[in-house]
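Line order of the protein sequences matches chains A and B. If you read the first sequence in our numbering, its first letter stands for residue 1, the second for the next number, and so on. If you read the second sequence in our numbering, its first letter stands for residue 1001, the second for the next number, and so on. Below you'll find the structure, written out as structure tokens, and then a few comments.
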Amino acid sequence: MNMLFPLTYLGYLLATATYLLWFINQQRTARLAARWLLTAAGILHTLNLGARYFEAGHTPISNMHEAVSFFAWSMTWGFLIFRWRYRVKNFGTFVSVGISLLMTVAALASKEVTPLPPAMRSLWLPVHASIALMANAFLAMGFCGGVMYLLQEREIKSRRFGIFYERLPSLEALDNLNQHCLSAGFPLLTLGIITGSFWAKQAWGSYWQWDPKETWSLITWFIYAALLHFRFTMGWRRRRAAIMSMIGFAAALFTLWGVTYLLGGIHAYVG
Amino acid sequence: MSADSLLIVGVNHKVAPVEIREKLAHNAGCENPVVAIKTLPGCRECCFLGTCNRVEVICASAAPEATARLIRQHLFSGAGLSEAEIERYSYLHVGRQAVNHLFRVAASLDSMIVGEPQILGQLKKAYRAAAELKTVGPVLNKFINKSFSVAKRVRTETNIGGSAVSISYAAVQLAKKIFGSLNDKRVMLVGAGEMAELAAEHLIAQGIAGVVVANRTLERAITLAQRFNGTAVSLEGLSGELENVDILISSTGATGLVLMRDDVKPIMRQRMNRPLFLIDIAVPRDLDPKLNDLDNVYLYDIDNLKDVVEVNKSERQKEADSASRIVDEETAKFQLWLEGMGVTPTIVALRNKADTLRQAELEKTLSQLKELSPKQVKAIEVLAASLTNKMLHHPIVFLKAKGGPEEQAGRLDSIRQIYGLDPEDSDLDEEDQL
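Put into structure tokens, the structure is as follows:
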């Protein structure tokens, strides 16, 4: 049992606490500290994943703990890369809360290293699972953007300004954020489904067999596809886009967890 | 000359609805009406101020009542109103009242949005125009310049401007929170008012892409649109244009609602849900409150904006009260000056000044020459008295000379300036003098 995971977890919690402090007091030092803490936690997390790879002898995305941990890792680095290219005021606060929640789930799940079942011994495991989880990471950021949009819009619409009006960026910026997250997340989601179907062909002999996980990933895909399509044809933007991307992410989360626990199916051994 | 000769005939948003204000012949604004008003019998000096919300004719007259009647007739010529209606829709302030009124106007206490800063600039422009046409003389020069310094005093000593400026600032901030950058956004002004123009100017300063003006009378819309380098539409064309604008500022004087929820609902579909920021600064309201229920439509009226800037009512009232006190104080001071602006008071002032000087100099000299006999003292006193009297003789003859009222006012002004009879003159600085 190595100490890397608890350290990483602690790092994320500290980063989140500092981000929340920055959100309240809006002092530059708090923001810088939060970003360094998050980057440090992200580096620790990378080391943690690497160590686990050598310990298990396979890509560490084979159970719930590993999948959610990888999800959180993708979200961290997705956000850090994202903010290097494109900044959104106080986005980090919301993302870091999301990362901490995911890491809490990972911390609560069993951290046992399990031997890989024969069906999963494939090159498609790292490819499919990492792409699908990275898609989730960007969709999760879209979800954060949607929450921010609705919070900001509620204050502007009700004409009663509370804590968010000053701190959140313009509705336009939040809508763009949603769009950016989707334009990264949706291709990854598509790719995740395609690679999954190749893997299914290799493991079970058919590209698509309507297993609950496949069905739900398709439902998620359709929600996001509809959002992207109607955004350009019918002007589904702003409030509607924010709500849709939240619904879409709920479907993505259900695909990841709900299916496993509620519906079962051949994916069941994967987190 | 006496204080009674100052008068102001005016029409503002308080006494006349917009339909009446629009009928005033000079709104179209081709030739400055001061030229015509100056020729009215009794009128010695005049200045004309015309804005969207008000018309003010500031005049110095020998026969205020008669001149006022003629000015009213002139203003409303072609409006087709009876004399009683004209009296109802306009006001007349004479003497002290007129002084108080102009000071209030200049200090923006009489504005629709109390404290909005544009009115002072408009008044300065009106004064400059009248000065160029030489229709203002010593009395109005002093009067109007004084109103500038009163306005300045009010602005520096109270926070009266704070609320109006911050309302329009809040509107810009809100627009930025909704649209991000305003660079490619267009604003539509429906109706025109001081506050709407102020907000539009703020938005333009933020780099807004275009301005559309919609008004009941197209001519006014065109005039205003030219100012902002924009386009004009009639009020009927409003909903057609709504598809292409992002911010709408409404300030018509209409009694009913101008834009209903059901008018805008189909347009939002055409706009592909691009947001629409509606600002209703009209009283009574122009925009249907239910508009805010529509997705991506954000409706703010003037009270919402005031709430936004958190300037609470009692505080604003306090500022207005202290501004009024300043205006009253300045009115009283100016009144004193004005009363001195007659031939007799000027002569008295001149004599007083000479006597004070004579007394002071005598005391100084005699206290050094203690060895003089009473007879010698008497001789020196006579010398001083006859010197001052002789020195004063010609100025007094000059003051009493016959001549037109304007000449007389000019002579009074010269004498008062040469002998420094108006100590408070020094508080007019360069900027206020224009």
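No residue lacks a Cβ here, since even glycine has one placed at the ideal position from N, Cα and C.
query: Terminal residues of the alpha helix (DSSP H) in which residue 176 of chain A lies; result: 171-204
query: Pick from B:1279, B:1407 and B:1227 that is closest to residue 1170 of chain B, judged by C-alpha positions; result: B:1279
query: Proximity of residue 17 of chain A and residue 75 of chain A at Cβ, strictly below 8 Å; result: no
query: Residue 114 of chain A in three-state terms, based on DSSP; result: coil
query: Three CB pairs or more closer than 8 Å across the segment 1148-1167 of chain B and the segment 1106-1120 of chain B; result: yes
query: C-beta neighbour in chain B for residue 156 of chain A, strict 8 Å; result: yes
query: Contact check, residue 1205 of chain B vs residue 1249 of chain B, beta carbons under 8 Å; result: no
query: The segment 1170-1190 of chain B: positions lying closer than 8 Å to chain A by Cβ; result: 1174, 1176, 1177, 1178, 1179, 1180 and 1181
query: Residues bridged to residue 1054 of chain B [DSSP beta-bridge criterion]; result: B:1012
query: Residue 22 of chain A, buried or exposed, once every other Cβ within 10 Å from all chains shown has been counted against 16; result: buried
query: Status (buried if at least 16 other CB within 10 Å, exposed otherwise) for residue 1109 of chain B; result: buried
query: Sheet register partners of residue 1234 of chain B (DSSP bridge); result: B:1215
query: Boundaries of the beta strand (DSSP E) in which residue 1188 of chain B is found, first to last residue; result: 1186-1190
query: Cβ shell of residue 298 of chain A (< 7 Å), same chain only, five flanking positions each side left out; result: Past the boundaries of the shown model lies residue 298 of chain A; chain A is included only from 1 to 271, so the question cannot be answered.
query: Neighbour list for residue 66 of chain A in chain B, Cβ cutoff strictly below 8 Å; result: Here the premise fails: no neighbours, minimum Cβ distance about 40 Å.
query: Other residues of its chain near residue 188 of chain A: CB distance less than 7 Å, five sequence neighbours each side excluded; result: 131, 134, 135 and 138
query: Same chain only: Cβ atoms within 7 Å of residue 1400 of chain B, ignoring 5 sequence neighbours per side; result: 1343
query: Within 9 Å of chain A by C-beta, residues of the segment 1108-1137 of chain B in sequence order; result: none
query: Beta-carbon proximity of residue 1137 of chain B to residue 1410 of chain B, cut-off 8 Å; result: yes
query: Distance between beta carbons of residue 1207 of chain B and residue 1182 of chain B, contact taken as under 8 Å; result: 6 Å
query: Residue 1056 of chain B versus residue 1095 of chain B - alpha carbon distance; result: 15 Å
query: Under 8 Å by beta carbon: chain A residues contacting residue 1296 of chain B; result: 238 and 239
query: Secondary structure of residue 86 of chain A, DSSP reduced to three states; result: coil
query: Buried/exposed call for residue 169 of chain A, threshold 16 Cβ in 10 Å; result: buried
query: Cα-Cα separation, residue 1015 of chain B to residue 1282 of chain B; result: 16 Å
query: Boundaries of the alpha helix (DSSP H) in which residue 163 of chain A is found, first to last residue; result: 163-167
query: Residue 1297 of chain B - partner residues in DSSP beta bridges; result: B:1276
query: Residue 1372 of chain B versus residue 1363 of chain B: straight-line alpha-carbon distance, rounded; result: 13 Å
query: CB of residue 1214 of chain B within 8 Å of CB of residue 1187 of chain B, strictly; result: no
query: Contact with chain B by residue 171 of chain A, beta-carbon distance below 8 Å; result: yes
query: Within chain B, the residues that residue 165 of chain A reaches when beta carbons sit closer than 8 Å; result: 1177
query: Residue-chain proximity (residue 1311 of chain B, chain A), Cβ-Cβ < 8 Å; result: Because residue 1311 of chain B sits at a pLDDT of 45, beneath the cut-off of 50, its placement in the model cannot be relied upon, and the point is left open.
query: Local Cβ density within 10 Å of residue 1009 of chain B, reported as buried at 16 or more and exposed below that; result: buried
query: Through-space distance from residue 1324 of chain B to residue 13 of chain A, alpha-carbon basis; result: 58 Å
query: Rounded Cβ spacing between residue 1412 of chain B and residue 1351 of chain B (contact assumed at less than 8 Å); result: Not confirmed; about 15 Å, so no contact.
query: Distance, residue 1145 of chain B Cα to residue 1134 of chain B Cα; result: 15 Å
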